[in-house]
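> Here it is, the structure, as structure tokens.
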Amino acid sequence: MEKKITLLFNLEKVLEYSLGLFLFLLPWQTIWIYREGILNGSKWQYGTLGIYGTEFLLWVSIILFIFWFYKKWQERLVKNEKFKFTKDRIFILSFLTFVLYVYLSSLWAVDGEVAMGHAFHILEASLLFIMLYLGPLQFKQASYWLIGGAVIQSVLGIWQFFSQSTFEFKWLGMVAHETWEGGTSVISSSEIGRWLRAYGSFSHPNVFGGYLVLTILATLILTPFSNHKNKIGHPFLVIALLLQFTALVFTFSRSAWIAVALVLLFYIYIIISRGKKIPCLSYFSAILILWIFLIMIFFPLVRVRVGGEAPLEVRSTNERLVGYEESLVLFRTHPWFGVGVGNYTAVLHEYNPNLSGWLYQPVHNAMILVLVELGIVGFLITSIIFITYYLMHSMIRHMDLVAGLLFIGIIIPLLFLDHYLFSSYTGLMVWAIFWSIFLTVYPISFRD
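Plus 14 on top of the position in the sequence shown (first one is 1) and you've got this note's numbering.
If you want it as structure tokens, here you go:
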């Protein structure tokens, strides 16, 4: 009996470390490409398939989790606990139904290989969510791993902005972005010239911004529960917050700016309603002072980005509007079952076959993208996941509804103003981590 307990404990520790290391290394985009997507002689990003370095670590964690969960299940059998369709199991079943449907969509997709590759990433995101939700890694531990990775990315992003340069390093998945090259994300006008936005190690500043929103949220949630007399933990959180917010400003991601404003609103509501005003308000004050300082210094760039009147910003807005029109056309072709997961740009190529490969982009709205790729049936299955969550937590009526709505509101700008939360491997992982935070922290910490 003692040997079994020791084995389970050791397995649990290894699982915690492997999962934590995955969270720490997630931003690095090291990838082995086994299919290069080419359309009309140029790179087609959403038809390119590969295996990310962090996927190997994720699958190590998944295998360890299966063994760990099996051992826990055996303990329940010893206690003669009979299997029941409990609310949490129905919730997990709804998740697995969604994954199964996503895989089935490859049967009617134009490019079945792309569909299978994207379905595999959705499966991975679902398993990551389940591990964070049911596994042994506690929120506080997971957050420190996540924040540690974000600090490195923040320093990198700040350096990129001030040096106005990036560098290529294939072993870390980093690509060089030159300000003069087309396709590089810059802030541009006749008055300020071309300014490189911070990428970190991500494929786009908007993805970097969304990642920082998640890590800032995790950092702020930790602050009310941290020991302010701790000479290491407390200063680390303060420094981490300031670095993350600085890097977030330098991404110039409007959707991330809106989302982090909602993070701060959520944080203020929590600390005031829970009576943790001091010293938690000092975090908010430091962030606010830093943000005002940065906006004042870089106001010409902020004005161009927010005003939307510069030629590059106008073109970006017009492209997004065209994307919405195209999404309506594609939805009408396959309204019930969709065009197949990951196949938005493949079908878009059939609709408009003469563009360069890099111009085929998903609609900048993750929810519309889900509707077009998975159809009404897939969208309904997605809705069932949220319904089963509501039913699973019978105590939800005792929770603080305002806190819950503010928390969910954080993800809305990222969902409705961009597509990466559903169209990319990294975005799917960020999506899984966000909801694991909501389901593990909110029911415990934010009750009335």
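From the three backbone atoms N, C-alpha and C, an ideal C-beta is built for every residue, glycine too. Source: prediction; values computed, not measured.
1. Measure the CB-CB distance between V128 and N357 and report whether it falls below 8 angstroms.
2. For the candidate residues L37, W58, F38, N54, whose alpha-carbon lies nearest to that of I47?
3. Would you report the Cα separation of L25 and W445, rounded to the nearest angstrom?
4. Going by C-alpha distance, which of S296, E327, F421 is nearest S204?
5. Quick one: what does DSSP say G207 is sitting in, helix, strand or coil?
6. On the CB-based measure, 16 or more other CB atoms within 10 Å of its CB, does G196 come out buried or exposed?
7. Mind pulling the alpha helix (DSSP H) runs of 4 or more residues that sit fully within the segment 29-101?
8. Does the beta-carbon distance from L383 to F436 come in below 8 angstroms?
9. Going by DSSP, what residues sit across from L384 in a beta bridge?
10. Just to confirm my understanding: we take K27, look at its own chain, exclude 5 residues before and 5 after, and list those with CB closer than 6 angstroms. What are they?
11. If Y225 and P41 are in contact, beta carbons under 8 angstroms, what's the gap, nearest whole angstrom?
12. Write down the C-beta distance between L257 and V316 rounded to the nearest angstrom, noting that I regard them as a contact closer than 8 angstroms.
13. Please return the same chain residues whose Cβ sits closer than 8 angstroms to the Cβ of E340, not counting the five positions on each side in sequence.
14. Could you give the DSSP three-state label for F312: helix, strand or coil?
15. What is the rounded straight-line gap between the Cα of V200 and the Cα of W271?
16. So, for L344: in the same chain, excluding its five sequence neighbours on each side, which residues have a beta-carbon less than 8 angstroms away from its beta-carbon?
17. Cα-Cα, which of T237, G61, T68, M310 is closest to F38?
18. Name the DSSP bridge partner or partners of F105?
19. Identify which residue in T62, I45, F430, G441 has its Cα closest to the Cα of L335.
20. So, T440 versus V221, is the Cβ gap smaller than 8 angstroms?
21. By the three-class DSSP mapping on this structure, what secondary structure does F183 have?
22. Under three-state DSSP, which class holds S299?
23. Could you give the distance in angstroms between the alpha-carbon of T331 and the alpha-carbon of S397?
24. From which residue to which residue does the alpha helix (DSSP H) around N379 run?
25. Once DSSP output is grouped into helix, strand and coil, what is the label at V355?
26. How close, in whole Å, do the beta carbons of T233 and I303 come, if the pair is a contact with beta carbons under 8 angstroms?
27. Do you know how far the Cα of W305 is from the Cα of L442?
28. What is the DSSP secondary structure of F134, reduced to helix, strand or coil?
29. In or out: E211 buried (at least 16 other Cβ within 10 Å) or exposed?
30. Assign G163 to buried or exposed, taking buried as 16 or more other Cβ atoms, counted over all protein chains shown, within 10 Å of its Cβ.
31. Less than 8 angstroms separating the beta-carbons of F280 and A417?
32. Nearest to A273 by alpha carbon, out of T237, V252, T229?
33. At the level of alpha carbons, what is the spacing between F259 and S296?
34. Using only the alpha-carbon positions, how far apart do R208 and E182 sit?
35. For L71 and L35, which I take to be in contact (beta-carbon distance under 8 angstroms), what is that distance rounded to the nearest angstrom?
36. Suppose the cutoff is 6 angstroms on Cβ atoms and the five residues either side in sequence are ignored; what does the same chain contact list for M409 look like?
Taking the geometry as given:
1. One-based indexing of the sequence shown puts residue 128 at position 114. One-based indexing of the sequence shown puts residue 357 at position 343. A contact, by the Cβ cut-off of 8 angstroms.
2. As a first step, residue 47 is located in the sequence shown; it is residue number 33 there, counting from the start. Nearest option by C-alpha distance: W58.
3. Here residue 25 corresponds to residue number 11 of the sequence shown, with the count starting at 1. Here residue 445 corresponds to residue number 431 of the sequence shown, with the count starting at 1. Taken atom to atom, the span from the alpha-carbon of L25 to that of W445 is near 27 angstroms.
4. Position 190 of the sequence shown, counted from the first residue, corresponds to residue 204. Looking at the Cα atoms, E327 is the closest of the given residues.
5. Numbered from 1 along the sequence shown, position 193 holds the residue referred to as residue 207. Strand, per DSSP.
6. Translated into the one-based positions of the sequence shown, residue 196 becomes position 182. It is exposed - the Cβ of G196 has fewer than 16 other Cβ atoms within 10 Å.
7. Listed in chain order, they are 67-92.
8. By one-based count along the sequence shown, residue 383 stands at place 369. By one-based count along the sequence shown, residue 436 stands at place 422. Taking 8 angstroms as the Cβ cut-off, L383 and F436 qualify as a contacting pair.
9. As a first step, residue 384 must be located in the sequence shown, where it is residue number 370. Just to set this straight, residue 384 is Val in the shown sequence, not Leu. Note: V384 sits in no beta bridge, so no partner.
10. As a working note, residue 27 is residue 13 in the sequence shown. Cβ neighbours of K27 beyond the five flanking positions: none.
11. Within the sequence shown, numbered from 1, the residue matching residue 225 stands at position 211. Within the sequence shown, numbered from 1, the residue matching residue 41 stands at position 27. So it is a contact: roughly 6 angstroms between Cβ atoms.
12. As a working note, residue 257 is residue 243 in the sequence shown. As a working note, residue 316 is residue 302 in the sequence shown. Contact flag wrong, Cβ pair sits at about 19 angstroms.
13. Locating residue 340 in the sequence shown gives position 326, counting from the first residue. Within its own chain, the residues whose Cβ lies closer than 8 angstroms to the Cβ of E340, once the five positions on either side in sequence are excluded, are L362, Y365, N366, V377, listed in chain order.
14. In the sequence shown, counting from the first residue as 1, residue 312 sits at position 298. Here F312 sits in coil by DSSP.
15. Within the sequence shown, residue 200 is the residue found at index 186, counting from 1. Within the sequence shown, residue 271 is the residue found at index 257, counting from 1. Rounded to the nearest whole angstrom, the C-alpha separation of V200 and W271 is 16 angstroms.
16. As a first step, residue 344 is located in the sequence shown; it is residue number 330 there, counting from the start. Excluding sequence positions up to five before and after L344, its CB lies within less than 8 angstroms of the CB of V353, Y358, V361, L362, Y365, V386, all in the same chain and listed in chain order.
17. Locating residue 38 in the sequence shown gives position 24, counting from the first residue. Closest option to F38, Cα to Cα, is T68.
18. As a working mapping, residue 105 is identified with position 91 in the sequence shown. Assignment of beta-bridge partners to F105 by DSSP yields no partner.
19. Taking the sequence shown and counting its residues from 1, the one referred to as residue 335 is at position 321. Measuring C-alpha to C-alpha distances from L335 to each of T62, I45, F430, G441 identifies F430 as the nearest.
20. In the sequence shown, residue 440 corresponds to position 426, counting from 1. In the sequence shown, residue 221 corresponds to position 207, counting from 1. Yes, the Cβ-Cβ distance between T440 and V221 is below 8 angstroms.
21. The residue labelled residue 183 in the question sits at position 169 within the sequence shown. DSSP places F183 in the strand class (E or B) of the three-state scheme.
22. Sequence index remark: in the sequence shown, residue 299 carries index 285 (1-based). Looking at S299 - three-state DSSP - the assignment turns out to be helix.
23. One-based indexing of the sequence shown puts residue 331 at position 317. One-based indexing of the sequence shown puts residue 397 at position 383. The C-alpha of S397 is placed about 29 angstroms away from the C-alpha of T331.
24. Numbered from 1 along the sequence shown, position 365 holds the residue referred to as residue 379. No alpha helix (DSSP H) holds N379; DSSP gives it neither H nor E.
25. Taking the sequence shown and counting its residues from 1, the one referred to as residue 355 is at position 341. Secondary structure of V355 (DSSP, three-state): coil.
26. Here residue 233 is taken as the residue at index 219 of the sequence shown, counted from 1. Here residue 303 is taken as the residue at index 289 of the sequence shown, counted from 1. At roughly 17 angstroms, the Cβ-Cβ gap does not stay under 8 angstroms, so T233 and I303 are not in contact.
27. What you label residue 442 is simply residue 428 of the sequence shown in a count that begins at 1. What you label residue 305 is simply residue 291 of the sequence shown in a count that begins at 1. So the alpha carbons of these two residues sit roughly 29 angstroms apart.
28. Walking along the sequence shown from the start, residue 134 turns up at place 120. Correct three-state label for F134: helix.
29. On the sequence shown, position 197 is the one that residue 211 refers to. Just to set this straight, residue 211 is Arg in the shown sequence, not Glu. Answer is buried; the Cβ neighbour count reaches 16.
30. Translated into positions along the sequence shown, residue 163 becomes position 149. It is buried - the Cβ of G163 has at least 16 other Cβ atoms within 10 Å.
31. Residue 280 sits at position 266 when you count from the first residue of the sequence shown. Residue 417 sits at position 403 when you count from the first residue of the sequence shown. Contact: yes.
32. Working through the sequence shown from its first residue, we reach residue 273 at position 259. Nearest C-alpha to A273: T229.
33. Counting from one through the sequence shown, the residue named residue 259 turns up at place 245. Counting from one through the sequence shown, the residue named residue 296 turns up at place 282. Between F259 and S296, the C-alpha separation is close to 15 angstroms.
34. Your numbering for residue 208 matches position 194 in the sequence shown. Your numbering for residue 182 matches position 168 in the sequence shown. The alpha-carbon atoms of R208 and E182 are separated by roughly 20 angstroms.
35. Stepping through the sequence shown from its first residue, residue 71 is reached at position 57. Stepping through the sequence shown from its first residue, residue 35 is reached at position 21. Indeed, because the Cβ distance is near 6 angstroms, the residues count as touching under 8 angstroms.
36. Taking the first residue of the sequence shown as position 1, residue 409 is located at position 395. Residue confidence is low: M409 scores 48 on pLDDT, short of 50, so the model does not pin down where it sits. Its coordinate-derived value is still stated next. For M409, same chain residues with a beta-carbon under 6 angstroms away, outside a window of 5 residues either side, do not exist.
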